[in-house]
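Enquirer: Protein chains in written order, with the numbering used here: chain A, 92 to 433; chain B, 92 to 433.
Each residue gets a CB set at the ideal place from its N, CA and C atoms; glycine is no exception.
Model, not experiment: these values are computed from the prediction.
Protein chains: 2
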Amino acid sequence: MKFETATIKDIAKALNLSTSTVSRALRGSYEISPETKKLVLEYAEKINYRPNPIALSLKERRSRAIGVVVSEIANNFFSQAINGIESIAYNRGYHVIISQSHESQEREMVNVQHLASRSVDGLLVSLSSETTDLSHLKQLYDKGLPIVFFDRVTNEIDTHKVIANNTLGAFHATEHLIYNGYKRIAHITNSPYLSITKERLEGYKQALEKHNIEFNENLVKYCNHGGMIADEVDEAFQKLFSGKVKPDAIFTAGDRITTVCLSYYKNPKKKYSDVAITGFTNTNLADLFSPSLTTVRQPAFEIGQVATELLIQMIESKRPVTDFETRMLDTELIIRESTKPR
Amino acid sequence: MKFETATIKDIAKALNLSTSTVSRALRGSYEISPETKKLVLEYAEKINYRPNPIALSLKERRSRAIGVVVSEIANNFFSQAINGIESIAYNRGYHVIISQSHESQEREMVNVQHLASRSVDGLLVSLSSETTDLSHLKQLYDKGLPIVFFDRVTNEIDTHKVIANNTLGAFHATEHLIYNGYKRIAHITNSPYLSITKERLEGYKQALEKHNIEFNENLVKYCNHGGMIADEVDEAFQKLFSGKVKPDAIFTAGDRITTVCLSYYKNPKKKYSDVAITGFTNTNLADLFSPSLTTVRQPAFEIGQVATELLIQMIESKRPVTDFETRMLDTELIIRESTKPR
DNA sequence: TTTTTTTATGCAATCGTTCCCGACAACGTT
DNA sequence: AACGTTGTCGGGAACGATTGCATAAAAAAA
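Laid out in structure tokens, this is it:
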């Protein structure tokens, strides 16, 4: 099945003009006489002419499209960030092409390759939890493809980065637990490769240190796929509560981990009602859980916006950008029942 | 900032061959001698040559991209459906470009225009709740752009459609409420323009009729933006409970409406504990609510898959497709606490 | 009337790729 | 020796749009 659109040639033929004249008339060039211009414009309108963006891309060597690579759009943080990305991109005349890595380095590489090779003008990337090898991105970046990282960033590539203040967010959440009397605070977190994991762990440690609570390695559990595989969260949870020293609070890092944890937490057989729980998540259903969930909320929409602005700035810059910044946006601790003093 | 990639010309020049020979060697044409082929292939590999998809699109008059138009990716149903779409599309070598209408006819039109004009080979559409005028889609469809509707469909365009069995799903949910002793069952639903609204209302009515409960117009409230604007759900809720005959159960249609309703339902000031609640939603957090929520779950992933298969079939068909089908997939009623007998 | 200037238009190259032809060896057949 | 095959390869035209340059006709200046 083929889909035929009117081209500049059709107009030229119909009006007995050359394609150049039509092209210029369409773009309102002063060289074209008002009558011809009017003729062309009216005919173009009549047959509903639209310039072929693909031909334009080829000519101008740009596609006016930006690629987004995230792990899962079903994750609240990312769907909100994408809304932020779109809000800026569409206003500036850019398409947004979204692809998901599903936390797999393999799929991330394939998607990036797919998006690159001149079909996008720039990339907005949040790394998968599996990613340790950045050569696929580095190669493209070195060739001149603008890339901005957001949320899950890397130090291996020197470019703009936009992140939440994860360390401070984790610090506040942990300190909040401490203030409410909790002492054995477990931390279930994402893959240790991720920047967000390191930053949040750091905040967690800082809060413990400030309040003279000794850091206990055994209270930190890593879920290498960010909770995408429920089993790994299950295992982390089991291990935490099968040890000698059971935690009296859980601090989770990551949307998926938080909700999956909550479902174990609500296990009807075992009672965890003495255990406090809080975590990073951007769900807007936290009020509806029982107990309602204390959350660390990231400014996802704004992160998406800022990252997009920086990327478009890079794309449209005449000279290579060499001065890079890392924008950090504050998180918000929303206190609800799940962390109240017992 | 510009991003340079190696082209077939670079290879030709380096190897002192013509572009045609290089092109043929790369595609493994039998006309090229094994030695030349090897030479070209090795050099291409060395400089990491990737064919320019834009040039290919222009030449082949197809982009190997399909456009998706949904109201909100943050909606669980849609993000799951998109996963289904992707799973098929990527395997068949198609890109997926997602755009959101945010329940606005205006934005839907802009996005569709943007996606069309030869930059996508076909469209997967779920209409916005505001859409009454389909001329933008009709025009493109008549020109030969393959379109498949899913979830929120229309009769005005004769093409493939993929939907959940909304009528039966609504019927089962309503009947379940009736079996559990509820009699004054309210129905809070989406915009009356939408196919899903009509179908679910129909199922609701059928269940009432079967059990000899008179249909009461006042128990049905419409939220014209599918719950995107919390106020309209608020109003619907208020009206239902300010009347003389208060409902003893609520049946909601739509992800957003269901969760927003739940938050009013959990209003700490007013007590709705006698009121049962259930609705269409694809959240996987229903277990975590309090009370845990009885839901009608749609096979979102499968709907996305089937729609994509049908679309690609249309795109790749040599002759215009004239035989259209409407695939209907079963929903699943998952019974939890929120509808238990009181 | 002739020359210069202005105005309006067309030609052709370009972007990267494919593919229809045509070119031209090195054969084998008559 | 003349011709047809076969195997390799290059030339060049597309695909749709833009744009520098050339050029025709018309208008203005000489």
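Report the neighbours of B:F380 on chain A: residues whose CB is nearer than 8 Å to its CB, in chain order.
Expert: Within chain A, the residues near B:F380 are L376, L379, F380 and S381.
Enquirer: Report yes or no: is there a C-beta of chain B within less than 8 Å of the C-beta of A:S148?
Expert: Answer yes: the Cβ-Cβ gap between A:S148 and chain B drops below 8 Å somewhere.
Enquirer: List, in order along the chain, the chain B residues whose C-beta lies closer than 7 Å to that of A:A321?
Expert: Here the premise fails: no neighbours, minimum Cβ distance about 10 Å.
Enquirer: Quick one: which residues of the segment 325-352 of chain B get their C-beta closer than 8 Å to a C-beta of chain A? List them in chain order.
Expert: Those residues of the segment 325-352 of chain B that come within reach of chain A (Cβ to Cβ, closer than 8 Å) are T350.
Enquirer: Find the residues of chain B that neighbour A:S354, judging by a C-beta separation of less than 7 Å, and give them in chain order.
Expert: Those within 7 Å of A:S354 in chain B are D378 and L379.
Enquirer: For B:A327, which three-state DSSP category applies?
Expert: Helix.
Enquirer: Could you check what DSSP says for A:E194 in three-state terms: helix, strand or coil?
Expert: A:E194: coil per DSSP, three-state reduction.
Enquirer: How about A:A172 and A:G395: do their beta carbons lie closer than 8 Å?
Expert: Yes, they are a contact pair.
Enquirer: Give the secondary structure of B:E133 by DSSP, where H, G and I count as helix, E and B as strand, and everything else as coil.
Expert: Helix at B:E133.
Enquirer: Do A:I444 and A:I341 have their CB atoms nearer than 8 Å?
Expert: Any property of residue 444 of chain A remains undetermined from this structure, which presents chain A solely from 92 to 433.
Enquirer: Skipping 5 residues on each side, what residues in its chain have a beta carbon closer than 6 Å to that of A:P390?
Expert: Cβ within range, chain order: L420.
Enquirer: By alpha-carbon positions, which one of A:E126, A:I164 and A:V113 ends up nearest to A:P142?
Expert: Ranking A:E126, A:I164 and A:V113 by Cα distance to A:P142 puts A:V113 first.
Enquirer: Buried or exposed: which applies to B:F380, given that a residue is buried once 16 or more other Cβ atoms fall within 10 Å of its Cβ?
Expert: That one is buried.
Enquirer: Can you tell me which of B:I425, B:L402, B:F332 and B:L331 puts its alpha carbon nearest to the alpha carbon of B:A377?
Expert: When each option's Cα is compared against that of B:A377, the closest is B:I425.
Enquirer: Any Cβ of chain B within less than 8 Å of the Cβ of A:A180?
Expert: No, because no Cβ of chain B sits closer than 8 Å to the Cβ of A:A180.
Enquirer: Whose CA, out of B:T250, B:E151, B:S429 and B:S120, lies closest to the CA of B:R363?
Expert: It should be pointed out that residue 363 of chain B corresponds to Tyr in this sequence rather than to Arg. For the residues B:T250, B:E151, B:S429 and B:S120, the minimum Cα distance to B:Y363 belongs to B:S429.
Enquirer: Could you pull the start and end residues of the beta strand (DSSP E) that A:I436 belongs to?
Expert: The structure shown does not extend to residue 436 of chain A, since chain A spans only 92 to 433, so no value can be given for it.
Enquirer: Under 8 Å, do B:S192 and B:E199 count as touching if we go by C-beta distance?
Expert: A contact, by the Cβ cut-off of 8 Å.
Enquirer: So which residues of chain B does A:A264 contact, with C-beta pairs closer than 8 Å?
Expert: Those do not exist, as A:A264 stays about 19 Å from chain B at its closest Cβ, beyond 8 Å.
Enquirer: Give the DSSP-derived three-state secondary structure of B:V412 in the structure shown.
Expert: It is coil, neither helix nor strand.
Enquirer: Just tell me which of A:V239, A:Q297 and A:I248 has its CA closest to the CA of A:I254.
Expert: Among A:V239, A:Q297 and A:I248, the Cα nearest to that of A:I254 belongs to A:V239.
Enquirer: From the beta carbon of B:E400, is the nearest beta carbon of chain A less than 8 Å away?
Expert: Taking Cβ atoms only, chain A never reaches closer than 8 Å to B:E400, which makes this a no.
Enquirer: With DSSP collapsed to three states, give me the class of A:G213.
Expert: Of the three classes helix, strand and coil, the one that applies to A:G213 here is strand, per DSSP.
Enquirer: Given a threshold of 16 other Cβ atoms within 10 Å of its Cβ, counted over all protein chains shown, does A:K312 qualify as buried or as exposed?
Expert: It is buried - the Cβ of A:K312 has at least 16 other Cβ atoms within 10 Å.
Enquirer: Any beta carbon from chain B within less than 8 Å of A:S170's own beta carbon?
Expert: Closer than 8 Å to some Cβ of chain B, the Cβ of A:S170 qualifies, so yes.
Enquirer: Are at least three pairs of beta-carbons, each pair with one atom in the segment 177-189 of chain B and one in the segment 232-247 of chain B, less than 8 Å apart?
Expert: The segment 177-189 of chain B is not in contact with the segment 232-247 of chain B.
Enquirer: Take the Cβ of B:K301 as the centre, count every other Cβ of all protein chains shown within 10 Å, and call the residue buried at 16 or more, exposed below.
Expert: With fewer than 16 other Cβ atoms within 10 Å, it is exposed.
Enquirer: Would A:I189 and B:I189 qualify as a contact pair, given that the criterion is a beta-carbon distance under 8 Å?
Expert: Cβ distance < 8 Å, so A:I189 and B:I189 count as in contact.
Enquirer: Would you mind stating whether A:S219 and A:E194 have Cβ atoms separated by less than 8 Å?
Expert: Yes, the pair counts as a contact, with Cβ atoms nearer than the cut-off.
Enquirer: Which chain A residues sit within Cβ distance under 7 Å of B:R141?
Expert: The contacting residues are S208.
Enquirer: Determine, using beta carbons only, whether B:N174 comes closer than 8 Å to chain A.
Expert: Output row for B:N174: interface = yes.
Enquirer: Determine the burial state of A:I102: buried for a count of at least 16 other Cβ atoms within 10 Å of its Cβ, exposed for fewer.
Expert: So A:I102 ends up on the buried side.
Enquirer: Select from the segment 108-131 of chain A all residues with a C-beta closer than 9 Å to any C-beta belonging to chain B, and list them in chain order.
Expert: Taking 9 Å as the Cβ-Cβ cut-off against chain B, none of the residues of the segment 108-131 of chain A qualify.
Enquirer: Distance, Cα to Cα, A:V435 vs B:N373?
Expert: In this structure chain A extends from 92 to 433, so residue 435 of chain A is not present and cannot be described.
Enquirer: Less than 8 Å between CB atoms is the rule here; does B:K357 satisfy it with respect to chain A?
Expert: Yes, its Cβ sits closer than 8 Å to a Cβ of chain A.
Enquirer: So A:H205 contacts chain B; which residues on that side make the cut at Cβ distance below 8 Å?
Expert: By Cβ distance, chain B contributes H186.
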